[in-house]
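Structure first, commentary second.
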Amino acid sequence: MGVAILAPVPADLLKSALETCASQGRVAFGTDAYDVFAKVDADYGSPLPVLIYPTVHYVDPDGMSRGGYACLRAIYLKLTQADKFGRHPDPSIRPSVTIVGSTPDTAWQYFWEVEDLHRLPTSHHVAVTTLTAIGKRTHLPMGHVPRGPIIVQGYSE
9 MGVAILAPVP ADLLKSALET CASQGRVAFG TDAYDVFAKV DADYGSPLPV
59 LIYPTVHYVD PDGMSRGGYA CLRAIYLKLT QADKFGRHPD PSIRPSVTIV
109 GSTPDTAWQY FWEVEDLHRL PTSHHVAVTT LTAIGKRTHL PMGHVPRGPI
159 IVQGYSE
């Protein structure tokens, strides 16, 4: 069973992220979780599977989430440091909803970049309870909602 990154992403960004990835070949998500991605880079490298857990803090206008499951998959490429304003140096790879509109993009310290972002068929959604956080002995508990990216094992494609 392989290693992957399990990462929460707001569901309301995902349609735009899919479009950006399709047109630009990659998409960048903001993070302040430097330690997680530094460990990924040091211990596992790239490419590494990413399981996206759509969170519904605000809304899920496109029906991307399914409680308890990672519903999208991507391939981790790299971590990029933000500019002095907390923006990605290449705004074209940010989901367009984070750049256009009345709400400006959130300032971040870093951005994790992925390629091949895609929705998984429902039959291939990954139950969070089948994954184990690196350094732990038991699967993630029922009802676990990731609050930030974590490195997990137990994922098979």
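The sequence shown runs 9 to 165 under the numbering used here. All C-beta atoms, glycine included, are put in the ideal place defined by N, C-alpha and C.
Thinking just about the alpha-carbon of each residue, which of L14, P16, D20, V11 is nearest to the one in V105? Start at 1 with the first residue of the sequence shown, and residue 105 comes out as number 97. It is D20.
Using the three-state DSSP reduction, which class does I142 fall into: helix, strand or coil? On the sequence shown, residue 142 is found 134 positions in, with the first residue counted as 1. Reduced to three states, the DSSP call for I142 is coil.
For Q7, collect the residues of the same chain with a Cβ closer than 7 Å to its Cβ; drop the 5 residues on either side in sequence, then sort them by chain order. Here the chain covers residues 9 to 165 and nothing more, so residue 7 does not appear.
Three or more beta-carbon pairs under 8 Å between the segment 72–81 and the segment 44–51, yes or no? no
Under the three-state reduction of DSSP, which class applies to K47: helix, strand or coil? What you label residue 47 is simply residue 39 of the sequence shown in a count that begins at 1. In this structure, K47 counts as helix in the three-state DSSP scheme.
Could you please give the first and the last residue of the uninterrupted beta strand (DSSP E) stretch that includes A12? As a working mapping, residue 12 is identified with position 4 in the sequence shown. Following the DSSP letters along the chain, one finds A12 inside the beta strand (DSSP E) bounded by residues 10–18.
Can you grab the Cα-Cα spacing for the pair S131 / G10, in whole Å? The count along the sequence shown starts at 1 and reaches residue 131 at position 123. The count along the sequence shown starts at 1 and reaches residue 10 at position 2. Each residue's Cα considered, the two are about 19 Å apart.
Taking contact to mean at least 3 C-beta pairs separated by less than 8 Å, is the segment 94–104 in contact with the segment 155–163? no
Cβ shell of A41 (< 7 Å), same chain only, five flanking positions each side left out: Numbered from 1 along the sequence shown, position 33 holds the residue referred to as residue 41. The answer, listed in chain order, is G156, P157.
Quick one: Cα of I13 to Cα of V58, how far? If you number the sequence shown from 1, residue 13 lands on position 5. If you number the sequence shown from 1, residue 58 lands on position 50. When rounded, the distance between both Cα atoms is 5 Å.
Neighbourhood of Y84 by C-beta distance below 7 Å, restricted to the same chain and skipping five residues each side: As a working mapping, residue 84 is identified with position 76 in the sequence shown. Answer for Y84: I13, V48, S54, P55, L56, V58, W120, V122, listed in chain order.
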